Every structure is written in C-alpha cells, then in structure tokens.
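Peer 1: Below you'll find the structure I mean.
Numbering (this note's numbering), first residue to last: 13 to 388.
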C-alpha cells in the first residue's frame, strides 16, 4: 500500500531524466499510479511511457554527422537549454525532480525553480575515468546547492555526494517488486544455469565471467551461461567466447525487457555480477536475482556490499578476478544446499530492505516534505 498523498494529487510534478531508462520510467509510473499529475522532460528519446505530458529535448535530428559532431554538440546544448527553459515556463512545476546530475551548462536551465529534488545515480558523482574538470564540478555544485532535497540509491553514494556538499542525504534504493520477482523457479533441466544481465560495457565486467568458464568446465561441463544485454563490448565478448572455444556453453541474448529478465531468472541457478568500476554504487540486477532466490556472485565493491551479504545471500570476489569467479561458481555448483539457503536468505533480505512499494513510499514522503518547503 502506497503512502497516501492527498496534497500531491493537486501538485504538478516534473521529472527530468533519461526516459529511455527502465529505472527512471519506474519512478515515473510509480507517481502516475499514485494519482499524481506527472510531466516528463527527457534528454533521450522516451520508451514505453504514455498517459502523461512528455517533452523530448534529445534533438535527435541534430545527430549523425561524425565530422561535425563537435559543432553539433554545441548547437544541441544551446537548443536544449532554450527548449528546457520554454518547457519549464509552460509546466510551472511545483516540484522538479532531477534524476542524474547534469554536468553541462544545461544546469543553468533549472534557474528559478524553487523546489528541486536531486537524485544522483552513480557515475554522475563518482568519476572512474580520471580527474574531473573544475567546470564540471562547478555545474554539479550549482545543482546540489539549489536542491531542496537530495536522495541517493545507497549509503556509499550518499557519502560521495558529501564530497561536493555537506547536506543530509536521504537514502532511497532502486527497489524490487517482489510480486513480479516472486521467487518461483522453473523446474530444473539438470543443467546448471549461470546468468549475467547488464550492459555489455567494460565497467560491468562480463569478460571476467567468460574467462572463468574454461576453469569451471574443467570440473563441471553440464553448465549453460546466458549473457543478456547490449553494448560496445558485444563483438569483443563474442570473439573472446570463440577464441576460448566455449561457444557451445554461452548464449548471447541481447537486450531483454522486464518480463524477459524475470523469465531468464526463473531458470537461473547462479547469478554473476562482475562489475569492476567503483561507480557501481548499488546493484539492482543483484537484488532482482536475490528476490528470485538465486545466490549471487558479485565483485567486492563498496556499493555492492549493500546489496549482497557475503556468505549469506551470495559470494563477493575481488573485481576483475576470473579465477575467483570460477572458484565461487564451482563451490555453489558442488553445494546445492548452499545455493538453496543463500537464495532463500537473499529473497528475505530483499523483502526486508528493498521492497519496491517501501521505496516508493520513502520517495513520496520526500515529495511531501519538499512541497511544504522543509529543506532536507
């Protein structure tokens, strides 16, 4: 049951973010389902959203010419700024909720909005690729100082936000709908199924799972590995699979929708999350797997430790260590009772800490406080 929000139902709320992103869209739909009047401003072409006002700033008609990309980027930025200002004047939101911290001049486009909630997501705060420019830091600090309230998906991310501004951070994780991720498993085929579900990018470390497979099949050949997702490493990972001569064990599934993710997890025995970047601040995929009673093998990163209890709901391994992944998989394959107990404790841990309705209630309470100008 959602937190009752009579005052919010009379309120105009605008969410700004990437409307092609599943997690952003879940927050949008949660508000809509609570009867809140929702407007969406997006900088990427939206998917699967309807029944609300959607304003697309993506300037998709100003893309495609790589030779002119430098100049097109400047032109897009200028156009997006004026589009944003025009949309905000039209909507006149009572609350503007910004998902993902803008580190461009577009940050100035939010000037004049009195009630702002900021929800950084991870790599908009934690920089994995080197030192940030002073200008990008300035844009972030401008938004953080303007915010009425700031939320973070994990305590780890909250601590990093405080490197920019010393403010109270409200911790609201990306929750899991345990009625959808219901823990009901498909009857075993006798083959151990190991799954990876994430973008095929370097930071998510799919290569380390693939490199672990030859070590696993030295002891257990009756396994099947599913790699779900798309990204810049797609061809590299398929080529690596062929070079290791393990293509008969590995299936690449491409991008899955939410229902397909659940279907894959129903037949999964072991879930692997081998991320290598510290900007992996939480691990939604891990708690979705835990909700489905699946033991999780994940990289021992500070944010992921909040999603996985080592030795209880899963096994944490050093980031980028294929041998450790293989050893953890072999341990779970050899011990079906351990897989079962970790899976059951994992689901309970999710229900106690990351139930989607509870997370939505927390966010709605932040909206109520912001609406009444209670600066957090």
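Yeah, the Cβ is synthetic: ideal placement off N, Cα and C, and Gly gets one too.
All figures in this text were calculated on a predicted structure; none of them were measured in a lab.
(1) Examine the Cβ distances between the segment 246-256 and the segment 274-290 and report whether three or more of them are shorter than 8 Å.
(2) Got a sec? Which residues, its chain only, sit under 6 Å from residue 304 by beta carbon, not counting five neighbours each side?
(3) Could you tell me the boundaries of the alpha helix (DSSP H) in which residue 68 lies?
(4) Taking the beta carbon of residue 221 as the centre, do at least 16 other beta carbons fall within 10 Å, making it buried, or is it exposed?
(5) Do the segment 321-328 and the segment 208-217 make contact, defined as three or more Cβ pairs closer than 8 Å?
(6) Would you check if there are 3 or more beta carbon pairs closer than 8 Å linking the segment 113-120 to the segment 130-141?
(7) Identify which residue in 141, 125, 168, 136 has its Cα closest to the Cα of residue 153.
(8) Can you list the beta strand (DSSP E) stretches of 3 or more residues lying completely in the segment 152-184, in chain order?
(9) Tell me which residues share the same chain as residue 19 and place their Cβ nearer than 7 Å to its Cβ, disregarding the 5 neighbours each side in the sequence.
(10) Measure the alpha-carbon distance for residue 44 versus residue 108 and round it to whole angstroms.
(11) Whose C-beta lies closer than 6 Å to the C-beta of residue 289 among residues of the same chain, with five residues either side of it excluded?
(12) Tell me whether the beta-carbon of residue 299 lies closer than 9 Å to the beta-carbon of residue 344.
(13) Using the three-state DSSP reduction, which class does residue 220 fall into: helix, strand or coil?
(14) Would you kindly work out how many angstroms separate the C-alpha atoms of residue 243 and residue 217, rounded to a whole number?
(15) Who are the Cβ neighbours of residue 204 in its own chain at under 6 Å, not counting the five residues just before and after it?
(16) Determine the DSSP secondary structure at residue 240, reduced to helix, strand or coil.
(17) What residues match up with residue 109 in a beta bridge as DSSP calls it?
(18) Give me the residue from 261, 168, 271 with the minimum Cα distance to residue 319.
(19) Shortest alpha-carbon distance to residue 46 belongs to which of 25, 56, 58?
(20) Taking residue 365 as the reference, give the member of 39, 255, 307, 183 with the closest Cα.
(21) Sorted by chain position, which residues of the same chain lie with C-beta nearer than 8 Å to residue 190's C-beta, five sequence neighbours on each side aside?
(22) At the level of alpha carbons, what is the spacing between residue 52 and residue 353?
(23) With a 10 Å radius around its C-beta and 16 neighbouring C-beta atoms as the bar for buried, classify residue 255 as buried or exposed.
(24) Between the C-alpha atoms of residue 208 and residue 237, what's the straight-line distance to the nearest angstrom?
(25) Report back the beta-carbon spacing between residue 138 and residue 172 to the nearest angstrom; my notes put them in contact at under 8 Å.
(26) Apart from the five residues just before and just after residue 259, which ones in its own chain have a Cβ nearer than 7 Å to its Cβ?
(27) Kindly indicate which residue of 371, 37, 96 has the alpha-carbon position closest to the one of residue 69.
Peer 2: For this structure:
(1) They do not touch, by the three-pair rule.
(2) Stepping through the chain shown from its first residue, residue 304 is reached at position 292. Around residue 304: 193, 195, 277.
(3) As a first step, residue 68 is located in the chain shown; it is residue number 56 there, counting from the start. Element bounds for residue 68: not the alpha helix (DSSP H) but the beta strand (DSSP E), 65-68.
(4) For the purposes of this step, residue 221 is identified with residue 209 of the chain shown, where counting begins at 1. Counting every other CB atom within 10 Å of its CB across the protein chains shown gives residue 221 a total of 16 or more, marking it as buried.
(5) Not touching, per the Cβ criterion.
(6) Enough Cβ pairs lie closer than 8 Å, so yes.
(7) The residue you call residue 153 lines up with position 141 of the chain shown. For residue 153, the closest C-alpha among the options 141, 125, 168, 136 is that of 136.
(8) You should have 161-164.
(9) Here residue 19 corresponds to residue number 7 of the chain shown, with the count starting at 1. Residues 380, 383 of the same chain have their beta carbon placed closer than 7 Å to that of residue 19, with the five preceding and five following residues left out of the count.
(10) Reading the chain shown from its first residue, position 32 is the one you call residue 44. Reading the chain shown from its first residue, position 96 is the one you call residue 108. C-alpha separation (whole angstroms): 15 Å.
(11) As a position in the chain shown, residue 289 is number 277, starting the count at 1. 140, 215.
(12) Here residue 299 refers to the residue found at position 287 of the chain shown. Here residue 344 refers to the residue found at position 332 of the chain shown. No, the pair does not count as a contact, with Cβ atoms beyond the cut-off.
(13) Numbered from its first residue, the chain shown carries residue 220 at position 208. Judged by DSSP in its simplified three-state form, residue 220 adopts helix.
(14) If you number the chain shown from 1, residue 243 lands on position 231. If you number the chain shown from 1, residue 217 lands on position 205. Rounded to the nearest angstrom, the gap between the Cα atoms of residue 243 and residue 217 is 12 Å.
(15) Position 192 of the chain shown, counting from 1, holds the residue named residue 204. Answer for residue 204: 235, 281, 345, listed in chain order.
(16) Working through the chain shown from its first residue, we reach residue 240 at position 228. Strand at residue 240.
(17) As a working mapping, residue 109 is identified with position 97 in the chain shown. Per the DSSP secondary-structure output, residue 109 pairs in a beta bridge with 27, 129.
(18) Mapped onto the chain shown, residue 319 falls at position 307. Nearest option by C-alpha distance: 168.
(19) The residue labelled residue 46 in the question sits at position 34 within the chain shown. The shortest C-alpha separation from residue 46 is found at 25.
(20) On the chain shown, position 353 is the one that residue 365 refers to. Considering only alpha carbons, the answer is 183.
(21) One-based indexing of the chain shown puts residue 190 at position 178. Once the five neighbours on either side are set aside, the close Cβ partners of residue 190 are 303, 359, 362, 363, 367, 368.
(22) The count along the chain shown starts at 1 and reaches residue 52 at position 40. The count along the chain shown starts at 1 and reaches residue 353 at position 341. For residue 52 and residue 353, the gap between their C-alpha atoms comes out near 42 Å.
(23) In the chain shown, residue 255 corresponds to position 243, counting from 1. Its Cβ having fewer than 16 others within 10 Å, residue 255 is exposed.
(24) Mapped onto the chain shown, residue 208 falls at position 196. Mapped onto the chain shown, residue 237 falls at position 225. A direct Cα-to-Cα measurement between residue 208 and residue 237 gives close to 8 Å.
(25) Counting from one through the chain shown, the residue named residue 138 turns up at place 126. Counting from one through the chain shown, the residue named residue 172 turns up at place 160. Correct: roughly 5 Å between the Cβ atoms.
(26) For this step, residue 259 is matched to residue 247 along the chain shown. Excluding sequence neighbours, residue 259 sits near 253.
(27) Sequence index remark: in the chain shown, residue 69 carries index 57 (1-based). Ranking 371, 37, 96 by Cα distance to residue 69 puts 96 first.
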